[in-house]
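Novice:
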Amino acid sequence: MASHLIHNLIGILFCAFGGYNSERTTSKSLTTTSNEQTASKTVATVPQEHTTGKTTANSTNVTHAMYFGISENFSPPVESTMIEREDFEKTVQSSSYIDKTWFIRNALDLPKYSAITGPRGFSKTTNLNMLKSFFEHELDATHSAKDPKLSKKLQTFKNKKIFTDEKFFWQHFAKYPIIHIDQSEVVKAKNLDNFLKSFVEHCIDPLVVKFGYLLNSTDVRSISKTERSRFVKGYNWTKEELQEFGADLAGLLFQHHGTKPILLIDEYDSPFVSALLDTGVSEKNTEAILQFLGSFLAEMIKHNHDTFRAILTGCVNLKLEQIPNLRYLSIFESKELYSAYGFQETDIDELQNRFAVAPSEMDILKLYYRGYNVFENLKDTFGTIRATNSPDSKIYNTQSVLHSLRRRAVERCWNSGGLIQKFRPLLGVEIYGPSLEECVLRRCKITVKGPMKKVELMQFKKSLMAPNSSDAGAFLFQLLLETGYFTIEEKKGVSHIITSPNFEVQTVSMDEFYRSTYLHSRYNYTPEEEENYVSALDQLSANVTTFHTLVQSVQTLFRNLMPGGELFMQAVLVYPLLRSKKFVTFRIEKYSNPESRYAVFARRWRDSAGIFFDMKTGPEYLKSLDRDMKGALLDIFKEFPDLKDTADVRLVVSAENEVYGFYNYSVFKGDSTCELWPPLKNITREDSGTRSSTNSPRANASRAKSSRAKSSRSRKKKRARG
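Put into C-alpha cells, the structure is as follows:
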C-alpha cells in the first residue's frame, strides 16, 4: 500500500516514528520509473504508537518506512555491523566507508590540546579510532616499537588519501604510544564512589593491562612498590591516585619509548552530563564527578610535559576549568572538521553511485536527513552571520544516512539521548514548553555564551531539581543545540537563531515533546474532550451529523487558544490519534505547495476507512472552503486499493478562534456526500472570514439538528469504486 502511494506522488516518505500493530507485514520496495522526476515533494511520518496492548494472533508489530529502489544486482551489500564502535581496520572494509583520512593531517594542525564537540552520529568515535590506528606504534616481543614499514596497518592506509602526502605519512605513521580512554561505557552512577568504580573498570583497568610491560622496563625510573601494585587489576584506588595515574603513565611511556604519547579521550563529557541530567544524583555528587574529570585531565595536560597532544571528543561543550589551555572546537565551524565529521553533499553523491540508488530516491533521502548548517567563510552582514541554503553548506548525520542505506529505507534512527524527556520538569506551559515548541516547529532566538562553566551547569542542575527556582532557559536550549536537536540559522555575537535541522530530527523532537500532557495544558482541554474528538473521527460517516460532531469536537480543542500555525494545529489533531488504537496515522508535510503544506492521513481500523484531512489557520483560508465545493478534490485514496469508505476533510480555524470544515465522504461502491459546515453565507468580503457570535460554531453547536435539516450544501452523487 505505502509503496503505491510513494510511486505515484513521488517524494512521500513513510518515515518510521515507531511501529503499530498491523495484519500486514509485507513492504514493497520502490522501482525507478521515468515519471519519478517530478519536483513534487511530500513527507509523511508514521509516528510512534504510545500505548501498548495485546496483539491478536494475526497481528505483527511492524515499522513502516519508505523503501528505496536499490538495485540488488549492482549494489554492494551494506553491512549490518555498527561501524561507529568497530576497530578502524574493520571500518575501512565496509562498503559504506568514505575516506576521511586527510583529517589525520589536519589533526596535527589543531591546537595542541583540543576538545572537539558535535552531536551523536557524526563519526567522532570513528575518527578517533582512525587517529589511534594511524599514530599508534606496534610493539615487538621486547615491547619496542616496530619499523612502521613492517606494520600490519600499512595496507589500511596505503591506498587512502593520507598516503598522497608521503613525507607526512612516514614522519608520523605508527610512531607514537597512544593512551586511549573511552568513557562511553562508564555507568550512570548515583554517587561519586560508584562512578569511580566504573571509571576504574572501563577506563583504567584496560590501560593497566595494555601497559603492564612498563613494570619490567629498564629504561624507566625506579617504580615503587605502591606504583607496581596499581598495575594489578583489582587494586583499591584512592581518588587522588586515580587523578595522578594518567600523568604518571604518560611519563613512564615517554621514558620507555623516548616518544611522548598522544592522549585520545572519547566522550569526555558523558559521565558528567549523565549525572547532571539525572535528578536522582545529588548536586554534591554531580559537582564531584565534574571536579574529578577535570583534575584527571589537568594532570595529563596542564601540569604534564610528557604528553605530545590531546584530542577529546564529546557532545556538550563542557568547559574543564582546571585546563585553561584546552581549546573547544565545534564540528560545524571549521572546514577541517566538518569535512571530516558527518557527510557532505559530495559524500552522499558517492554513496548514491556506490549503491546504485535512483536519483529521485536519493533526493528523498537528502530531503529527510540534510540540514545541519556549517559556518566557515560565511558573509558577516553588520555583525550577523547567516547560514546559506546551498547544499554545500550543510552536512548529514553519518549514522542516519548509513542506517538508511543499510535498511534500504528512509526512516527515523537518530539517537537523541532522550534529552527532551529528561527536561520534562522544565517544559511545562508556564515555564519553557511554549518556547521549545516554537523552536521545534519553527525557529527561535537563544543565547549561547560558549563552553558551559561549572557554576552555570550547577545552576541548571538546581533548576531540574526544583523547576521554579531559577532561570535555566539559556542552558536548556544550548544543551539541546549542542546535542543535535537544533542547528544554527543565524548568529550575532552570543545571540543565535536556531531551528530543527531536518525532518528526521523534528519528528524525534515532536515525539518526545508531545508524549506528555503538554497539549492539554497549553490549549486547556481535558482528556475527555480529546477522547471526544477521537471518537468523532472514529464515528465519521456519510451522515452529515457525524461531520458536525467532528467540527464541534475540534472547536472544543481550540476554544481557548488559536494554534500558532498549521503545524501547531497539526500537533493538536495528530497526537491524540497516535495514542489511540483506533487509527494508524501519518503526519504529512508537503514541500511542493507551501499554501497547502500540512495534512494528516488516518486509516480507521474498524472498517478500513481512509480519512485525509487538511488544516489551516487564519481567515484568508475560509474562502477556499467555498472553492472546495466547486473544484476537484484531492483524491489520493485510489493509491490505497484496500480502503473501504473514504473521507476528504478540510478544517480552518478563523481569526476569532472558530472552526469551519468541509468534507466529502464516499461510501465504498456507493454514494458521495459533501457538506460545508457551519455555513459561510453570513461572512462578507470585508470581514475577511470572521463571523458574528450568533452564527459561530459555538452557537451552531446547539442547533446542529436544525442545521442538518436546512443544509443546502449537501449533495449526493454516484461514484463507483472498485
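Counting in this note's numbering, the sequence shown runs from 1021 upward without gaps.
Don't be surprised by glycine CBs; every beta carbon is placed ideally from N, CA and C.
#1: Fully enclosed by the stretch 1393 to 1452, which alpha helix (DSSP H) runs are 4 residues long or longer?
#2: Alpha carbon to alpha carbon, what distance is there between E1549 and Q1203?
#3: In whole angstroms, what separates the C-alpha of N1522 from that of K1414?
#4: Taking D961 as the reference, which of R1626, F1621, Y1361 has the closest Cα?
#5: With which residues is H1200 paired in a DSSP beta bridge?
#6: With a 10 Å radius around its C-beta and 16 neighbouring C-beta atoms as the bar for buried, classify N1345 as buried or exposed.
#7: Between P1445 and L1484, is the Cβ-Cβ spacing less than 7 Å?
#8: Tell me whether G1681 sits in a helix, a strand or coil according to DSSP, three-state version.
#9: For E1640, count neighbouring C-beta atoms within 10 Å of its own C-beta (all shown protein chains included) and say buried if the count is 16 or more, exposed if not.
#10: Tell me whether the beta-carbon of K1172 lies closer than 7 Å to the beta-carbon of L1284.
#11: What are the start and end residues of the alpha helix (DSSP H) that includes I1243?
#12: Just grab the DSSP bridge partners of I1118 for me.
#13: With C-beta atoms as the reference, is S1350 less than 7 Å away from T1137?
#14: Hey, how far is the Cα of E1156 from the Cα of S1164?
#15: Hey, how far is the Cα of Y1389 from the Cα of S1692?
#16: Between S1536 and the rest of its own chain, which residues show a CB-CB distance below 8 Å, the 5 nearest in sequence each way excluded?
#17: Under the rule that 16 or more other beta-carbon atoms within 10 Å means buried, what is G1470, buried or exposed?
#18: Restricting to Cα atoms, I'd like to know which of V1468, P1139, Q1419, E1381 is closest to C1335.
#19: Excluding five sequence neighbours on each side, which residues of the same chain lie with their C-beta closer than 6 Å to the C-beta of Y1538?
#20: Let me know the alpha helix (DSSP H) ranges lying completely inside the stretch 1572 to 1602, each 4 residues or longer, listed in chain order.
#21: Between F1497 and the rest of its own chain, which residues show a CB-CB distance below 6 Å, the 5 nearest in sequence each way excluded?
#22: Could you compute how far the alpha carbon of Q1342 sits from the alpha carbon of N1552?
#23: State the start and end residues of the unbroken alpha helix (DSSP H) segment that holds R1634.
#24: Say whether the stretch 1249 to 1258 touches the stretch 1288 to 1297, bearing in mind that this needs 3 or more beta-carbon pairs closer than 8 Å, one atom from each stretch.
#25: Counting only runs that start and end within the stretch 1445 to 1533, where is the alpha helix (DSSP H) found for 4 or more residues in a row?
#26: Assign D1107 to buried or exposed, taking buried as 16 or more other Cβ atoms, counted over all protein chains shown, within 10 Å of its Cβ.
#27: Among residues of its own chain, excluding the 5 on either side of V1229, which ones have a beta-carbon nearer than 8 Å to its beta-carbon?
#28: For T1333, which residues from the same chain have a beta carbon less than 6 Å from its beta carbon, with the 5 sequence-adjacent residues on both sides left out?
#29: Report the three-state DSSP secondary structure of R1351 (helix, strand or coil).
#30: Looking only at C-alpha atoms, which of S1555, N1544, P1547, W1434 sits nearest to Y1505?
#31: Express the C-alpha separation of K1689 and E1532 in angstroms, rounding to a whole number.
#32: Measuring alpha carbon to alpha carbon, tell me which residue in M1150, G1585, V1672, Y1683 is nearest K1110.
#33: Mapping DSSP to helix, strand and coil, what is L1560?
#34: With Y1534 and Y1595 assumed to form a contact (beta carbons below 8 Å), what rounded beta-carbon distance in angstroms separates them?
#35: How big is the Cα-Cα spacing for L1235 and Q1275?
#36: Mapping the DSSP letters down to three states, classify G1266 as helix, strand or coil.
Specialist: To lay it out plainly:
#1: Complete alpha helix (DSSP H) runs here, min 4: 1418 to 1427, 1439 to 1442.
#2: Translated into the one-based positions of the sequence shown, residue 1203 becomes position 183. Translated into the one-based positions of the sequence shown, residue 1549 becomes position 529. So the two alpha carbons sit approximately 48 Å from each other.
#3: Here residue 1522 is taken as the residue at index 502 of the sequence shown, counted from 1. Here residue 1414 is taken as the residue at index 394 of the sequence shown, counted from 1. Cα to Cα, the separation comes out at about 11 Å.
#4: This structure cannot settle anything about residue 961, because the visible part of the chain is limited to 1021 through 1742.
#5: Locating residue 1200 in the sequence shown gives position 180, where the first residue counts as 1. Per DSSP, L1284.
#6: Position 325 of the sequence shown, counting from 1, holds the residue named residue 1345. N1345 sits exposed, since fewer than 16 C-beta atoms from the chains shown fall within 10 Å of its C-beta.
#7: Locating residue 1445 in the sequence shown gives position 425, where the first residue counts as 1. Locating residue 1484 in the sequence shown gives position 464, where the first residue counts as 1. Yes, these two residues count as a Cβ contact at 7 Å.
#8: Start at 1 with the first residue of the sequence shown, and residue 1681 comes out as number 661. In this structure, G1681 counts as strand in the three-state DSSP scheme.
#9: What you label residue 1640 is simply residue 620 of the sequence shown in a count that begins at 1. So E1640 ends up on the exposed side.
#10: Walking along the sequence shown from the start, residue 1172 turns up at place 152. Walking along the sequence shown from the start, residue 1284 turns up at place 264. Not closer than 7 Å, so no.
#11: Here residue 1243 refers to the residue found at position 223 when the sequence shown is read from its first residue. Careful: I1243 lies outside any alpha helix (DSSP H) and carries neither H nor E.
#12: Within the sequence shown, numbered from 1, the residue matching residue 1118 stands at position 98. Paired residue(s): none; I1118 is not in a bridge.
#13: If you number the sequence shown from 1, residue 1350 lands on position 330. If you number the sequence shown from 1, residue 1137 lands on position 117. In contact: S1350 and T1137 (Cβ atoms closer than 7 Å).
#14: For the purposes of this step, residue 1156 is taken as the residue at position 136 of the sequence shown. For the purposes of this step, residue 1164 is taken as the residue at position 144 of the sequence shown. Take the alpha-carbon of E1156 and the one of S1164: they are about 12 Å apart.
#15: The sequence position of residue 1389 within the sequence shown is 369, counting from 1. The sequence position of residue 1692 within the sequence shown is 672, counting from 1. Per the coordinates, the alpha-carbon of Y1389 lies some 40 Å from the alpha-carbon of S1692.
#16: As a first step, residue 1536 must be located in the sequence shown, where it is residue number 516. Cβ neighbours of S1536 beyond the five flanking positions: R1444, L1447.
#17: The count along the sequence shown starts at 1 and reaches residue 1470 at position 450. Counting other Cβ atoms within 10 Å of its Cβ, G1470 stays below 16 and is therefore classed as exposed.
#18: The count along the sequence shown starts at 1 and reaches residue 1335 at position 315. That would be P1139, whose Cα lies nearest to the Cα of C1335.
#19: Numbered from 1 along the sequence shown, position 518 holds the residue referred to as residue 1538. Cβ within range, chain order: G1453.
#20: For the stretch 1572 to 1602, whole alpha helix (DSSP H) runs of length 4 or above, ordered along the chain, are 1586 to 1598.
#21: In the sequence shown, residue 1497 corresponds to position 477, counting from 1. So the qualifying residues of the chain are I1466.
#22: Position 322 of the sequence shown, counted from the first residue, corresponds to residue 1342. Position 532 of the sequence shown, counted from the first residue, corresponds to residue 1552. Approximately 58 Å between the Cα atoms of the pair.
#23: Here the question's residue 1634 lines up with position 614 in the sequence shown. First, the residue type needs correcting, since residue 1634 is Asp and not Arg in the sequence shown. Careful: D1634 lies outside any alpha helix (DSSP H), inside the beta strand (DSSP E) at 1629 to 1637.
#24: Too few Cβ pairs lie closer than 8 Å, so no.
#25: If we require 4 residues or more, the alpha helix (DSSP H) runs fully inside the stretch 1445 to 1533 come out as 1453 to 1461, 1474 to 1485, 1493 to 1502.
#26: Against the sequence shown, residue 1107 aligns to sequence position 87. Label assigned to D1107: exposed.
#27: Counting from 1 along the sequence shown, the entry for residue 1229 is found at position 209. Around V1229, the same chain offers K1253 as residues with beta carbons nearer than 8 Å, after the five sequence neighbours per side are excluded.
#28: Position 313 of the sequence shown holds residue 1333. Spatial neighbours of T1333 in its own chain (CB-CB distance under 6 Å, excluding positions within 5 residues in sequence) are listed in chain order as I1136, K1144, L1148, D1286.
#29: Position 331 of the sequence shown, counted from the first residue, corresponds to residue 1351. Rather than Arg, the amino acid found at residue 1351 in this sequence is Ile. Of the three classes helix, strand and coil, the one that applies to I1351 here is coil, per DSSP.
#30: Locating residue 1505 in the sequence shown gives position 485, where the first residue counts as 1. Ranking S1555, N1544, P1547, W1434 by CA distance to the CA of Y1505 puts W1434 first.
#31: Position 512 of the sequence shown, counted from the start, is the residue given in the question as residue 1532. Position 669 of the sequence shown, counted from the start, is the residue given in the question as residue 1689. So the alpha carbons of these two residues sit roughly 41 Å apart.
#32: Numbered from its first residue, the sequence shown carries residue 1110 at position 90. Selected option, being the one with the closest Cα: M1150.
#33: Here residue 1560 corresponds to residue number 540 of the sequence shown, with the count starting at 1. If DSSP states are grouped into helix, strand and coil, L1560 belongs with coil.
#34: Position 514 of the sequence shown, counting from 1, holds the residue named residue 1534. Position 575 of the sequence shown, counting from 1, holds the residue named residue 1595. Y1534 to Y1595, Cβ: 5 Å. Contact.
#35: Taking the first residue of the sequence shown as position 1, residue 1235 is located at position 215. Taking the first residue of the sequence shown as position 1, residue 1275 is located at position 255. Q1275 has its alpha-carbon roughly 12 Å from the corresponding atom of L1235.
#36: Stepping through the sequence shown from its first residue, residue 1266 is reached at position 246. Shown here, G1266 sits in a helix according to DSSP, grouped into three states.
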